[in-house]
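Number of protein chains: 2
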Amino acid sequence: MDAIDTVVELFATLPTIGKKTARRLAFHVLKQSSEEVERFASALVAMRNSVQECTVCCTFTDQEVCHVCSSEKRDRSIICVVEQPTDVLAIERTGDYRGLYHVLHGALNPLDGIGPDEIRIAQLMQRLAPEVQEVILALNPTVEGEVTTQYLSRMTSPLNIRCTRIARGVPIGADLEFADDATLARALEGRIPV
Amino acid sequence: MDAIDTVVELFATLPTIGKKTARRLAFHVLKQSSEEVERFASALVAMRNSVQECTVCCTFTDQEVCHVCSSEKRDRSIICVVEQPTDVLAIERTGDYRGLYHVLHGALNPLDGIGPDEIRIAQLMQRLAPEVQEVILALNPTVEGEVTTQYLSRMTSPLNIRCTRIARGVPIGADLEFADDATLARALEGRIPV
Numbered sequence: 001m002d003a004i005d006t007v008v009e010l011f012a013t014l015p016t017i018g019k020k021t022a023r024r025l026a027f028h029v030l031k032q033s034s035e036e037v038e039r040f041a042s043a044l045v046a047m048r049n050s051v052q053e054c055t056v057c058c059t060f061t062d063q064e065v066c067h068v069c070s071s072e073k074r075d076r077s078i079i080c081v082v083e084q085p086t087d088v089l090a091i092e093r094t095g096d097y098r099g100l101y102h103v104l105h106g107a108l109n110p111l112d113g114i115g116p117d118e119i120r121i122a123q124l125m126q127r128l129a130p131e132v133q134e135v136i137l138a139l140n141p142t143v144e145g146e147v148t149t150q151y152l153s154r155m156t157s158p159l160n161i162r163c164t165r166i167a168r169g170v171p172i173g174a175d176l177e178f179a180d181d182a183t184l185a186r187a188l189e190g191r192i193p194v
Numbered sequence: 001m002d003a004i005d006t007v008v009e010l011f012a013t014l015p016t017i018g019k020k021t022a023r024r025l026a027f028h029v030l031k032q033s034s035e036e037v038e039r040f041a042s043a044l045v046a047m048r049n050s051v052q053e054c055t056v057c058c059t060f061t062d063q064e065v066c067h068v069c070s071s072e073k074r075d076r077s078i079i080c081v082v083e084q085p086t087d088v089l090a091i092e093r094t095g096d097y098r099g100l101y102h103v104l105h106g107a108l109n110p111l112d113g114i115g116p117d118e119i120r121i122a123q124l125m126q127r128l129a130p131e132v133q134e135v136i137l138a139l140n141p142t143v144e145g146e147v148t149t150q151y152l153s154r155m156t157s158p159l160n161i162r163c164t165r166i167a168r169g170v171p172i173g174a175d176l177e178f179a180d181d182a183t184l185a186r187a188l189e190g191r192i193p194v
C-alpha cells in the first residue's frame with residue numbers, strides 16, 4: 001500500500017483536502033485508466049513548467065507578458081493591486097474592470113517575516129510611470145491586507161497618483177478569491193481615497 | 001492560461017472537487033517548485049502502474065496478493081464482502097475484524113446496467129471453499145447495496161455457509177431525534193436482547 005499512501009499524503013498537502021478526501025481521491029485515481037492518470041500527471045508538470053510570472057504584472061501566465069498586460073483594450077492609467085493571481089480571475093469575472101493589474105503574491109506579515117522585499121512591491125513601484133493616474137488597492141480584508149494597504153498608500157502618496165481602496169463590501173475575514181461577483185463589483189464601484 | 005485551465009478541468013473531474021476548489025488547487029500547484037510538482041505527478045503514475053487488484057480478494061494492492069490475504073494471522077473461515085477498497089480500510093481501522101475480505105468494486109444496479117458480471121461476484125463464488133464458514137455482507141445501506149445483499153444471500157444459501165449482514169441501526173453518538181424514519185424502523189426491527 002506504500003504507493004497509495006504516498007499519493008494520499010501528497011493529496012492531503014493540497015489546500016481544502018483532508019486525510020479522508022485525500023484517500024477518496026487516490027482511490028478514484030486507481031479506478032481511472034493508465035492513460036487518464038498519465039494525462040493528469042503530465043498536465044500538472046506541463047502547467048508548472050510552462051507557466052511563470054508575467055514580466056509586467058507578476059500574475060501567472062504561459063506567455064512572457066500576460067493577456068491583460070498585452071491587450072490594447074485595457075486602460076493603462078489604472079492599476080489594480082491584488083494579493084494572488086486567483087484574485088485577478090475573480091475581478092475579471094465581474095466584467096466591470098478595464099484597467100491593468102499588479103499581483104503582489106502575498107501581503108505584508110511582519111510576524112511571519114514577510115516584508116516589502118518578499119512580495120512584488122518593487123515591481124509595482126517601477127510601473128508607476130506618469131501615465132498611471134490611479135492605483136486601486138484590492139487586498140484581502142484581513143490584518144495583513146490592511147497593513148499592506150496602508151504601506152502602499154504611504155509609498156504612493158509622494159507620487160501624485162490617486163490611491164484608492166475597494167469598499168469593504170467584501171465581508172471581513174473572507175477570502176477575496178471566493179467573494180461573489182456582485183459583491184466584488186460593488187466593492188470596485190465604491191472605492192474611496194485612502 | 002490554457003495550461004492552467006486544463007489542470008483546473010482535470011482537478012474538477014475528481015470527486016468532492018468543484019470548479020472553485022479545482023482552481024484553488026491548480027494555483028496552489030503553481031506555487032510549488034517544479035521538483036514538488038514532478039514528484040506528485042510521478043507518484044500518481046507510479047501508483048496507478050504498480051497497484052492492481054489482489055488476485056484473491058480484488059482489493060487494490062501493489063503486490064500480487066494483498067497483505068490481508070497473505071497474512072498468516074487472519075481467520076480464513078470468514079469473508080467480509082464490501083463494495084470498495086476504501087471500505088476495507090474503514091473496517092480495518094476498527095481493529096475488530098480478523099477475517100478476510102472480498103471487494104466487489106460496486107453493487108448491482110440494473111438501471112445503470114451493472115449486473116452480476118460487472119462486479120467481482122464470480123471471483124467471490126470461487127473462494128467459497130469448504131473452509132469458509134461465514135460470509136458477512138457489509139454493503140452500503142442503499143438500494144443498490146440492498147439488492148446486492150439479497151442476491152448474494154440467495155447465491156450462498158445452497159452452499160451450507162452462514163451468510164450474515166452487518167446491523168443497520170442508529171449510528172453511535174447520533175441523536176435519536178434526528179435519525180431518519182427508515183433507520184429507526186430498521187433499528188427497531190433489528191433489536192437484540194440486552
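Those protein sequence lines, which keep their order, are chains H and L.
So for the first sequence, my numbering puts the first residue at 1; every next one is plus one.
So for the second sequence, my numbering puts the first residue at 1; every next one is plus one.
We put the CB at the ideal spot given by N, CA and C, even for glycine.
*From A41 of chain L to A187 of chain H, what does the alpha carbon distance come to, in whole angstroms?*
When rounded, the distance between both Cα atoms is 39 Å.
*State the Cα-Cα distance for the pair A15 of chain H and S50 of chain L, rounded to the nearest angstrom.*
The sequence as given places Pro at residue 15 of chain H; Ala does not occur at that position. Whole-angstrom Cα-Cα distance: 27 Å.
*Mind checking I166 of chain H: buried by the 16 CB within 10 Å criterion, or exposed?*
Counting Cβ neighbours within 10 Å, I166 of chain H comes out buried, since at least 16 surround it.
*asked:* Please tell me whether R162 of chain L and E134 of chain L are closer than 8 Å, where the distance is taken between their beta carbons.
replied: R162 of chain L places its beta carbon less than 8 Å from that of E134 of chain L.
*Flag this pair as touching only if the stretch 59–75 of chain L and the stretch 78–87 of chain H have three or more C-beta atom pairs under 8 Å; answer yes or no.*
Contact fails: fewer than three Cβ-Cβ distances are below 8 Å.
*Ignore the nearest five residues each way along the sequence and tell me which others in V29 of chain L's own chain have a CB closer than 8 Å to its CB.*
The beta carbon of V29 of chain L sits closer than 8 Å to those of V7, V37, F40, all from its chain and outside the five residues before and after it, given in chain order.
*Considering only the beta carbon of each residue, do I4 of chain H and A22 of chain H sit closer than 8 Å?*
Contact: no.
*asked:* Quick check: is the beta carbon of E38 of chain L nearer than 8 Å to any beta carbon in chain H?
replied: Closer than 8 Å to some Cβ of chain H, the Cβ of E38 of chain L qualifies, so yes.
*Can the beta-carbon of L199 of chain L be found less than 8 Å from the beta-carbon of A107 of chain L?*
For chain L, the structure presents residues 1 to 194; residue 199 of chain L sits outside this window and is missing.
*asked:* Using CA atoms only, rank isn't needed, just tell me which of H:D96, H:Y101, H:A46, H:R154 is closest to C57 of chain H.
replied: Proximity to C57 of chain H across H:D96, H:Y101, H:A46, H:R154 peaks at H:Y101, based on C-alpha coordinates.
*A185 of chain L: which of L:V170, L:A174, L:D175 sits nearest, CA to CA?*
Of L:V170, L:A174, L:D175, the residue nearest in Cα terms is L:V170.
*asked:* Let me check you understand the geometry: is the CB of V7 of chain L closer than 7 Å to at least one non-hydrogen atom of the ligand ATP?
replied: Judged by which ligands are present, the structure shown has none, so any question about the ligand ATP falls away.
*Cutoff 7 Å; reference V88 of chain L; Cβ partners in own chain excluding five residues on either side*: Counting only Cβ-Cβ distances below 7 Å, and skipping sequence neighbours, we find T59, V82, Y101, V103.
*Less than 8 Å separating the beta-carbons of T86 of chain L and R24 of chain H?*
Closer than 8 Å, so yes.
*Taking Cβ-Cβ distances shorter than 8 Å, what residues in chain H pair up with S50 of chain L?*
Listed along chain H are A3, each with a C-beta nearer than 8 Å to that of S50 of chain L.
*If you draw a straight line from the alpha carbon of C54 of chain H to that of R120 of chain H, how long is it in whole angstroms?*
Spanning the two alpha carbons is a distance of roughly 12 Å.
*Nearest residue (CA-CA) to Q52 of chain H, options H:E177, H:L124, H:H105, H:G145*: For Q52 of chain H, the nearest C-alpha among the options comes from H:H105.
*asked:* Pull the bridge partners of I79 of chain H from the DSSP assignment, please.
replied: Looking at the DSSP output, I79 of chain H sits in a beta bridge with H:L100, H:V135.
*asked:* Once the 5 residues before and after T156 of chain H are set aside, which same chain residues still bring their CB inside 6 Å of it?
replied: Taking T156 of chain H as the centre and dropping the five residues before and after it, the same chain places the C-beta of V135, C163 closer than 6 Å to its C-beta, in chain order.
_Under 8 Å, Cβ to Cβ, is there at least one residue of chain H near F178 of chain L?_
No, no contact with chain H.
*Using the Cα positions of D117 of chain H and R154 of chain H, report the straight-line distance between them to the nearest angstrom.*
Going from the Cα of D117 of chain H to the Cα of R154 of chain H covers about 16 Å.
_Neighbourhood of A12 of chain H by C-beta, 6 Å cutoff - its chain only, sequence neighbours within 5 removed_ = K19, A22, listed in sequence order.
_Proximal residues to A179 of chain H (C-beta, below 7 Å), its chain only, five neighbours per side dropped_ = The beta carbon of A179 of chain H lies closer than 7 Å to those of A90, V170 in the same chain, with the five residues before and after it left out.
_Cβ pair A122 of chain L, L10 of chain H closer than 8 Å_ = No; because the gap between Cβ atoms is not below 8 Å, this pair is not in contact.
*asked:* Check whether chain H comes within 8 Å of K20 of chain L, counting only Cβ atoms and requiring the distance to be less than that.
replied: It does; some Cβ of chain H falls within 8 Å.
*Spatially closest choice to A46 of chain H from L:D62, L:A46, L:S34, L:R191, by CA coordinates*: Each of L:D62, L:A46, L:S34, L:R191 was checked against the Cα of A46 of chain H, and the nearest Cα belongs to L:S34.
_Which residues in chain C have a C-beta closer than 9 Å to the C-beta of D62 of chain L? List them in chain order._
The structure shown contains no chain C; its protein chains are H and L.
*Could you tell me which chain H residues have their CB closer than 9 Å to the CB of R23 of chain L, listed as they occur along the chain?*
Simply T86, L89, E177.
_Where the alpha helix (DSSP H) through T16 of chain H begins and ends_ = If you look at T16 of chain H, you'll find it isn't in any alpha helix (DSSP H); DSSP assigns it neither H nor E.
*Using a cut-off of 9 Å between C-beta atoms, extract the partners of P15 of chain H located in chain L.*
Those are T21, R24, L25, H28, listed as they occur along chain L.
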